[in-house]
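Here the sequence shown is numbered in the numbering used here, starting from 91 and rising by one per residue.
Structure record follows, encoded as structure tokens.
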Amino acid sequence: MFKQYIVTEQEKIRREKLEELKKLGIDPYPAELYPVTNYSTDLITKYEDKKQVVIAGRIMSRRIQGNASFAEILDSKGRIQVYFNRDEICEGDDKTKYNVVYKRLLDIGDIIGINGELFKTKVGEITVLVKDFKILNKSLRPLPLPKVDSQGNEYDSFSDLEQRYRQRYVDLIVNQTVKETFVKRTKIINSIRNFLNNKDYLEVETPILQSIPGGATARPFITHHNALDIPLYLRISDELFLKKLIVGGFEAVYEFSRDFRNEGMDRNHNPEFTILELYVAYKDYFWMMELTESLIEKVCLEIHGKTKLEFDSKKIDFKAPYERISITEAIIKYTGYDISGKNESELRSICKDLNIDIDDSMGEGKLIDAIFGNKCEKNFINPTFITDYPKSMSPLTKEHRSNPNLTERFELIVNGMEIANAYSELNDPIDQLKRFEDQLELSKKGDDEAMFIDMDFIKSLEYGMPPTSGIGIGIDRLVMLMTDKTSIQEVLFFPQMKPIKKEPDISEDAKVIFNRLKNIEQILLADFKSEFDLSNKKWDKVLKELRGNDLIDIFKSDDGSLFIKPV
Numbered sequence: 091m092f093k094q095y096i097v098t099e100q101e102k103i104r105r106e107k108l109e110e111l112k113k114l115g116i117d118p119y120p121a122e123l124y125p126v127t128n129y130s131t132d133l134i135t136k137y138e139d140k141k142q143v144v145i146a147g148r149i150m151s152r153r154i155q156g157n158a159s160f161a162e163i164l165d166s167k168g169r170i171q172v173y174f175n176r177d178e179i180c181e182g183d184d185k186t187k188y189n190v191v192y193k194r195l196l197d198i199g200d201i202i203g204i205n206g207e208l209f210k211t212k213v214g215e216i217t218v219l220v221k222d223f224k225i226l227n228k229s230l231r232p233l234p235l236p237k238v239d240s241q242g243n244e245y246d247s248f249s250d251l252e253q254r255y256r257q258r259y260v261d262l263i264v265n266q267t268v269k270e271t272f273v274k275r276t277k278i279i280n281s282i283r284n285f286l287n288n289k290d291y292l293e294v295e296t297p298i299l300q301s302i303p304g305g306a307t308a309r310p311f312i313t314h315h316n317a318l319d320i321p322l323y324l325r326i327s328d329e330l331f332l333k334k335l336i337v338g339g340f341e342a343v344y345e346f347s348r349d350f351r352n353e354g355m356d357r358n359h360n361p362e363f364t365i366l367e368l369y370v371a372y373k374d375y376f377w378m379m380e381l382t383e384s385l386i387e388k389v390c391l392e393i394h395g396k397t398k399l400e401f402d403s404k405k406i407d408f409k410a411p412y413e414r415i416s417i418t419e420a421i422i423k424y425t426g427y428d429i430s431g432k433n434e435s436e437l438r439s440i441c442k443d444l445n446i447d448i449d450d451s452m453g454e455g456k457l458i459d460a461i462f463g464n465k466c467e468k469n470f471i472n473p474t475f476i477t478d479y480p481k482s483m484s485p486l487t488k489e490h491r492s493n494p495n496l497t498e499r500f501e502l503i504v505n506g507m508e509i510a511n512a513y514s515e516l517n518d519p520i521d522q523l524k525r526f527e528d529q530l531e532l533s534k535k536g537d538d539e540a541m542f543i544d545m546d547f548i549k550s551l552e553y554g555m556p557p558t559s560g561i562g563i564g565i566d567r568l569v570m571l572m573t574d575k576t577s578i579q580e581v582l583f584f585p586q587m588k589p590i591k592k593e594p595d596i597s598e599d600a601k602v603i604f605n606r607l608k609n610i611e612q613i614l615l616a617d618f619k620s621e622f623d624l625s626n627k628k629w630d631k632v633l634k635e636l637r638g639n640d641l642i643d644i645f646k647s648d649d650g651s652l653f654i655k656p657v
């Protein structure tokens, strides 16, 4: 049995209305299709007086005035006003459908179908005169719609980020601009797909469950195949499979893949994300830079009709060509340190001088990445190709043609975010095996993101892979840039969220104190105590209760003052 959950007074009333509808012989959840022929925005932009229409949508507002009523209906394309008149709906003596069903048993949030006729009100608003209506869904929870006072000020809006992400279905209903973001997301993906298809590149699918998590340096999610009794990994990249297809004779393949990395979450990272990976034979990373900038410029023009956009209050121009600078030059420019030829010990010393946190598991590649990520990346606002990474950072990349210590690799940085990562792909099987073995040594040092050795991939290279360039483009981050959203959660329908903490079983006094404290970073204990009218004995008892539930921490500052903060 499921635990019975508590319903609010409004929810109770709606359930009572549901039962009344059933008693009237009305099915509040009918199974048959409703023959929608028209949509709100089309009716408004292509208005025809007295046009017969059939629409369906959610009631978003009502103004009942006796025997007549105006309401607003939200459908998949937008909103339109509708007009209910008792005598239009109930032609005979029985006025139940208007007086009882519409006026008393329907609520804001209910979904109805309407058969009616277009007209304009005296003030010129395009409206549907309702000839008949049908209940398609009785909602049991009230929508958290914002309220507007007489001065036009809005309050009680559904704007709490945690609630919006957890209840995206409500967010999409009450915050219409959210829907526009996801419509643009689909248009961006379609624009990229059309660009690649027009070049006769082949879209493919590769395994999500993999026996070896290859193609990137990241911590994988692990699962278990019961029938085979083996561990499997959710893919961190589809790179190695796509390159096997190049070995097999395809000249250009791409995939919009869902990848999974068992890492932290922040404004730019979600453990589950979408990436475009593209591999083209007989090309190099110089060619790939030109393709990338022309692709992103095209996407920007198709979505916005221009290349100059504003993102996070900064002006960014996506018109090609993009600036190019090597990672070594970038580090010199923003730190004054030349990392060329530096060994691990020297790089650790540089990190220490620059106050960069490092640990013993980090090899040369991760140390250089830490320097660039902490001191340089944030400075690149307009699209910039960061090129020629040291070999230790790039285990799948071809050695640079003019410097054996570097690789032919670039990352595209925009507004301090990595948007794309690309190589002239390493196709020397002997060199590739050596690079994998170097990664194994990092794993032994404790680097849990080091690559596994994939001997089947080595075997495929031994059959011969033509010179190839490949790229991975982060779709979620590209959508962020194209929609001016500074958090990745805003461009994912259902981002990963932390589990909802169970409400602690504590006394009412403890709840009052904790609810006040949880919005404060830290505060002097004496100052905080002064806000509450509690005896010393009761205060001490409440603090003990909160500490026993791991809800607060009390600590001394350097000067001996006692502070309190939420855990």
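Even glycine gets a Cβ: it sits at the ideal position worked out from N, Cα and C.
Using the three-state DSSP reduction, which class does D246 fall into: helix, strand or coil?
The sequence position of residue 246 within the sequence shown is 156, counting from 1. It is coil, neither helix nor strand.
Thinking just about the alpha-carbon of each residue, which of D459, G426, H359, Q579 is nearest to the one in F350?
For this step, residue 350 is matched to residue 260 along the sequence shown. Minimum Cα distance to F350 is reached at H359.
I298 bridges to which residues according to DSSP?
Taking the first residue of the sequence shown as position 1, residue 298 is located at position 208. Checking the DSSP bridge columns, you'll see I298 has no partner listed.
By DSSP, does M545 sit in helix, in strand, or in coil?
On the sequence shown, position 455 is the one that residue 545 refers to. Residue state, collapsed to three classes: helix.
Hey, could you find the ends of the alpha helix (DSSP H) L251 is sitting in?
In the sequence shown, the residue the question calls residue 251 occupies position 161. Counted as a single uninterrupted DSSP element, the alpha helix (DSSP H) harbouring L251 occupies residues 251-256.
Taking the alpha carbon of V370 as the reference point, which residue from I336, N227, N288 has its own alpha carbon closest?
Within the sequence shown, residue 370 is the residue found at index 280, counting from 1. Ranking I336, N227, N288 by Cα distance to V370 puts I336 first.
Taking buried to mean at least 16 other C-beta atoms within 10 Å of its own C-beta, is Q529 buried or exposed?
Within the sequence shown, residue 529 is the residue found at index 439, counting from 1. Counting Cβ neighbours within 10 Å, Q529 comes out buried, since at least 16 surround it.
State the Cα-Cα distance for the pair F653 and N445, rounded to the nearest angstrom.
Numbered from its first residue, the sequence shown carries residue 653 at position 563. Numbered from its first residue, the sequence shown carries residue 445 at position 355. Cα to Cα, the separation comes out at about 28 Å.
Would you kindly report the start and end of the unbroken beta strand (DSSP E) that includes Y323?
As a working mapping, residue 323 is identified with position 233 in the sequence shown. Under the DSSP assignment, Y323 falls in the beta strand (DSSP E) whose first and last residues are 320-324.
Does the Cβ of E621 have 16 or more other Cβ atoms within 10 Å, making it buried, or fewer, making it exposed?
As a working mapping, residue 621 is identified with position 531 in the sequence shown. It is exposed - the Cβ of E621 has fewer than 16 other Cβ atoms within 10 Å.
Can you tell me whether DSSP reads T474 as helix, strand or coil?
The sequence position of residue 474 within the sequence shown is 384, counting from 1. It is a strand residue.
By the DSSP assignment, the alpha helix (DSSP H) with T425 in it spans what residues?
The residue labelled residue 425 in the question sits at position 335 within the sequence shown. Segment 417-425, the alpha helix (DSSP H) holding T425.
Per DSSP, what kind of secondary structure is V337 in: helix, strand or coil?
Locating residue 337 in the sequence shown gives position 247, counting from the first residue. Reduced to three states, the DSSP call for V337 is helix.
Straight-line CA distance for P297 to R325?
By 1-based counting over the sequence shown, the position of residue 297 is 207. By 1-based counting over the sequence shown, the position of residue 325 is 235. If you take the alpha carbons of P297 and R325, they lie about 8 Å apart.
Mark K627 as exposed unless 16 or more other C-beta atoms lie within 10 angstroms of its C-beta, in which case mark it buried.
Position 537 of the sequence shown holds residue 627. Answer is exposed; the Cβ neighbour count stays below 16.
Take the Cβ of Q300 as the centre, count every other Cβ of all protein chains shown within 10 Å, and call the residue buried at 16 or more, exposed below.
Residue 300 sits at position 210 when you count from the first residue of the sequence shown. Buried, because 16 or more other Cβ atoms sit within 10 Å of the Cβ of Q300.
Just the Cα atoms here: how many angstroms apart are F604 and K404?
As a first step, residue 604 is located in the sequence shown; it is residue number 514 there, counting from the start. As a first step, residue 404 is located in the sequence shown; it is residue number 314 there, counting from the start. Their Cα atoms are separated by approximately 39 Å.
Quick one: what's K405 bridged to in DSSP?
Working through the sequence shown from its first residue, we reach residue 405 at position 315. Residue pairing of K405 in beta bridges, as defined by DSSP: E400.
With 16 as the cutoff for other CB atoms within 10 Å, does I278 come out buried or exposed?
Looking up residue 278 in the sequence shown gives position 188. I278 comes out buried.
Determine the contact status of P361 and Q586, defining contact as a CB-CB distance below 8 Å.
Taking the sequence shown and counting its residues from 1, the one referred to as residue 361 is at position 271. Taking the sequence shown and counting its residues from 1, the one referred to as residue 586 is at position 496. In contact: P361 and Q586 (Cβ atoms closer than 8 Å).
Contact check, F475 vs M379 under 8 Å by CB: the rounded distance?
Taking the sequence shown and counting its residues from 1, the one referred to as residue 475 is at position 385. Taking the sequence shown and counting its residues from 1, the one referred to as residue 379 is at position 289. Sure, about 5 Å apart at Cβ, within 8 Å.
According to DSSP, simplified to helix, strand and coil, what is F272?
On the sequence shown, residue 272 is found 182 positions in, with the first residue counted as 1. Three-state result, F272: helix.
Output needed for K93: all residues of its chain with C-beta closer than 6 Å, excluding positions within five of it in sequence on either side, in chain order.
As a first step, residue 93 is located in the sequence shown; it is residue number 3 there, counting from the start. In this predicted model, K93 has a pLDDT of only 46, less than 50, meaning its place in the structure is not dependable; the value taken from the coordinates is given anyway. Closer than 6 Å at Cβ, skipping near neighbours: no residue.
Would you mind stating whether K140 and F223 have Cβ atoms separated by less than 8 Å?
Taking the sequence shown and counting its residues from 1, one reaches residue 140 at position 50. Taking the sequence shown and counting its residues from 1, one reaches residue 223 at position 133. Not in contact: K140 and F223 (Cβ atoms no closer than 8 Å).
Which residues does DSSP list as the beta-bridge partners of I225?
In the sequence shown, the residue the question calls residue 225 occupies position 135. Paired residues: I202.
Residues in the same chain with beta-carbon distance under 8 Å from K592, minus the five sequence neighbours each way, listed in chain order, please.
Here residue 592 refers to the residue found at position 502 when the sequence shown is read from its first residue. Excluding sequence neighbours, K592 sits near nothing in its chain.
For the candidate residues Q155, Y173, G168, K167, whose alpha-carbon lies nearest to that of A161?
Your numbering for residue 161 matches position 71 in the sequence shown. Looking at the Cα atoms, Y173 is the closest of the given residues.
Can we say the stretch 195-207 touches the stretch 131-146, given the rule of at least three CB pairs closer than 8 Å?
yes
The alpha helix (DSSP H) spanning I458 covers which residue range?
Translated into the one-based positions of the sequence shown, residue 458 becomes position 368. Unbroken alpha helix (DSSP H) run through I458: 454-465.
Hey, does Q266 have any beta-carbon neighbour from chain C nearer than 8 Å?
Among the chains of the structure shown, chain C does not appear; only one protein chain is present.
Per DSSP, I216 is paired with what?
Your numbering for residue 216 matches position 126 in the sequence shown. Paired residues: K210.
Let me confirm a value: A121 is counted as buried when at least 16 other C-beta atoms fall within 10 Å, else exposed. Which label applies?
Taking the sequence shown and counting its residues from 1, one reaches residue 121 at position 31. Burial call: exposed.
Between which residues of its own chain and F248 is the CB-CB distance below 6 Å, once the five residues before and five after are set aside?
Counting from one through the sequence shown, the residue named residue 248 turns up at place 158. Taken in chain order, the residues that qualify are P234, V264.
In angstroms, rounded to a whole number, what distance separates the CA positions of G663 and K237?
Nothing about residue 663 can be read from this structure; the chain reaches only from 91 to 657.
Would you kindly work out how many angstroms separate the C-alpha atoms of G305 and E539, rounded to a whole number?
Sequence index remark: in the sequence shown, residue 305 carries index 215 (1-based). Sequence index remark: in the sequence shown, residue 539 carries index 449 (1-based). Going from the Cα of G305 to the Cα of E539 covers about 11 Å.
Tell me which same chain residues have a C-beta within less than 7 Å of the C-beta of N469, skipping the five on either side of it?
By one-based count along the sequence shown, residue 469 stands at place 379. Only Y424 meet the Cβ criterion.
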